Every structure is written in C-alpha cells, then in structure tokens.
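*Asks:* Numbering (numbering that gives the first Met the number 0), first residue to last: 0 to 238.
Every residue, glycine too, gets a C-beta built ideally from N, C-alpha and C.
The structure presented is a predicted model; accordingly, all values stated were derived computationally and were not measured.
I have a structure I would like to understand better, so I am pasting it below and will then ask my questions one at a time.
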Amino acid sequence: MLYIAICDDDEKTVQTFESRVMAFLKTNNIIAKIETYTNSRMFQYDIQEGKFFDLVLCDIEMPDIDGMKLSAYIKKLLPNVFIILITSHLKYAIDAFELSIFRYIPKNSLDIRLEHALRDAVNMIQLQSDQYYMIKMPSRIEKIQYHRILYIQRDGKNAVITLVDGTSTKVRKSLSQVYNELNSEDFIYVDRGDIVNLSHIIGIREGIVDLGNGIRIPASHAKLEYIKERLNDFWGEQI
C-alpha cells in the first residue's frame with residue numbers, strides 16, 4: 000500500500016488533486032491511502048508526530064508555511080519521500096531542484112504532466128520497496144521495507160525494529176542475526192545494542208546520533224569516528 004498526502008490551502012484544489020490521483024490509482028490497480036490537508040501547519044505537525052508518506056503533492060503558495068519550506072522540513076524527517084510541487088510561478092523551479100524535489104509541475108501544465116509524474120513516482124517507490132526485511136514467525140509473516148526502518152535495538156534475546164511512523168515490532172532473534180540478514184550498508188551499529196538506518200540520521204552532536212522527532216541515540220565513543228566516516232560517505236552518495 001502507498002501512503003499519499005495532498006496539501007493545498009484551497010479546498011476545491013485539494014478535491015481536484017485527490018480525484019485525479021484516485022483516478023490514476025484506479026486505472027493502474029494501485030492500492031493507496033490518501034490523506035488531504037488544507038492547512039500546511041497541520042500537515043507539518045502530523046509529519047513531526049511521525050506520520051509516514053511515500054508521496055506528497057503540495058502547492059507552493061500557501062499561508063502559514065509555504066510549500067518550499069514545508070518540503071525542506073519533510074525531507075529532514077522523511078528523506079526518501081517523493082515530493083511533487085505544483086505552482087503558478089516559474090520562479091520557484093530552481094529552488095525546487097535544489098531541494099531534490101521529485102517533480103515540479105506548473106498549474107497550466109497539470110493535465111499533461113501530473114499523470115506522468117505520478118507514474119514515475121510510483122515506479123520509483125516500487126523499486127525502493129524491493130529492499131525489505133522479512134519476518135517469518137510461527138504466529139506471523141511480515142515484510143518491512145528498508146527505508147521505513149528507523150532503528151533497531153536489542154531487548155534481551157530479542158531485537159525490536161522501530162519504524163519511521165513510530166510503530167515497532169519485536170523479532171525473536173539476536174541483534175547481530177538481524178543485522179546479518181539485512182545485509183545492507185545502509186545500516187550501522189552505533190553501539191553494541193543499537194543499529195540505525197543511515198538514511199534517517201540528520202546529524203551527530205556530542206556523541207549523540209540525531210534521528211529527528213526528538214529521537215537521539217548515544218553512540219559508542221569507540222565507534223564515533225567510524226560512524227561519521229560512514230555518514231559522510233552516505234551523504235556524498237546522495238548528492
């Protein structure tokens with residue numbers, strides 16, 4: 000399932016965007032949950048509280064928080080989100096590029112470009128979804144996409160996987176076993192009992208790994224320089 004947000008201060012515009020997105024989803028047999036916002040601050044608050052989205056459609060010209068500032072904020076907490084910005088003014092195009100916005104669509108080209116942008120975004124999201132951690136237990140089978148994993152902590156003989164939406168799931172495996180099964184350089188030990196997803200680190204301050212949303216995990220002093228090197232390498236690959 001895809002999680003999609005639409006934000007515009009005009010109710011009619013939101014309804015128009017929603018109907019077009021729903022038509023695209025129906026035509027392509029895609030299951031998704033759509034949430035709409037007419038208040039950019041409310042949208043920002045939901046992101047701050049840990050709400051997760053794969054795709055965001057957002058107007059630029061809005062009161063309170065405009066689409067450019069909102070996009071920059073969202074990217075800090077959801078670095079893998081795909082953002083489509085829609086506006087009447089071409090002057091924002093360069094700034095949108097600098098923010099790594101997935102698509103910038105002028106309103107006068109909406110009929111032509113929106114469907115193409117949605118199709119490209121969905122294809123990219125599905126490519127991301129190919130990387131996942133599979134939990135197979137007698138009581139359940141669960142597939143967790145890598146980009147949704149925030150951090151993993153040891154809990155006795157178990158490992159607890161915490162996701163970007165704040166939910167968590169316990170696995171009856173050791174932390175080292177989970178790490179080996181992930182088999183991805185996107186994850187790193189910050190100490191013996193904590194693994195974090197590099198893509199969600201927004202900074203390291205005074206030996207503390209900052210994952211945003213007030214989540215801060217102490218790093219082992221012995222691992223600190225290695226963590227910084229890995230983070231610098233990761234950020235360099237994303238530029």
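1) Looking at the structure shown, is Ser219 part of a helix, part of a strand, or coil, going by DSSP?
2) Between which two residues does the beta strand (DSSP E) holding Asp154 run?
3) Buried or exposed: where does Asp190 fall if 16 or more other Cβ atoms within 10 Å of its Cβ makes it buried?
4) Evaluate Thr103 with the Cβ neighbour count: other Cβ atoms within 10 Å of its Cβ, from every protein chain shown; 16 or more gives buried, anything less gives exposed.
5) Which of the three DSSP states, helix, strand or coil, is assigned to Lys106?
6) So, with DSSP's three-state summary, where would you put Asn157?
7) Hey, could you find the ends of the beta strand (DSSP E) Val55 is sitting in?
8) Anyone know if the C-beta pair for Asp8 and Asp58 falls short of 8 Å?
9) Between the stretch 196-207 and the stretch 164-173, can you find at least three pairs of beta-carbon atoms closer than 8 Å?
10) Tell me which same chain residues have a C-beta within less than 6 Å of the C-beta of Leu76, skipping the five on either side of it?
11) Consult DSSP for Ser175 and reduce its assignment to one of helix, strand or coil.
12) So what does DSSP say about Val170, is it helix, strand or coil?
13) Considering just the uninterrupted stretch of the alpha helix (DSSP H) at Lys50, what are its terminal residues?
14) Pick helix, strand or coil for Glu114, following the three-state DSSP scheme.
15) Between the C-alpha atoms of Glu10 and Lys156, what's the straight-line distance to the nearest angstrom?
*Replies:* Let's see:
1) The count along the sequence shown starts at 1 and reaches residue 219 at position 220. Of the three classes helix, strand and coil, the one that applies to Ser219 here is coil, per DSSP.
2) Reading the sequence shown from its first residue, position 155 is the one you call residue 154. Start and end: Ile148 to Asp154.
3) Here residue 190 corresponds to residue number 191 of the sequence shown, with the count starting at 1. Burial call: buried.
4) Here the question's residue 103 lines up with position 104 in the sequence shown. Here residue 103 turns out to be Tyr, not Thr, going by the sequence shown. Buried, since its Cβ has 16 or more Cβ neighbours within 10 Å.
5) Working through the sequence shown from its first residue, we reach residue 106 at position 107. Three-state result, Lys106: helix.
6) Your numbering for residue 157 matches position 158 in the sequence shown. In the structure shown, Asn157 sits in a strand (DSSP, three-state: E or B).
7) The residue given as residue 55 occupies position 56 in the sequence shown. Where Val55 is concerned, the enclosing beta strand (DSSP E) stretches over Leu54 to Asp58.
8) Mapped onto the sequence shown, residue 8 falls at position 9. Mapped onto the sequence shown, residue 58 falls at position 59. It is a contact, given that the beta carbons lie within the stated cut-off.
9) no
10) Here residue 76 refers to the residue found at position 77 of the sequence shown. Taken in chain order, the residues that qualify are Ile46 and Gly211.
11) One-based indexing of the sequence shown puts residue 175 at position 176. DSSP places Ser175 in helix when its eight states are reduced to three.
12) The count along the sequence shown starts at 1 and reaches residue 170 at position 171. Val170: strand per DSSP, three-state reduction.
13) Numbered from 1 along the sequence shown, position 51 holds the residue referred to as residue 50. It is not in any alpha helix (DSSP H) - Lys50 carries neither H nor E in the DSSP assignment.
14) Looking up residue 114 in the sequence shown gives position 115. Note: Glu114 maps to helix in three-state DSSP.
15) Along the sequence shown, read from residue 1 onward, the residue named residue 10 stands at position 11. Along the sequence shown, read from residue 1 onward, the residue named residue 156 stands at position 157. Using only the alpha carbons, I get a separation of about 51 Å.
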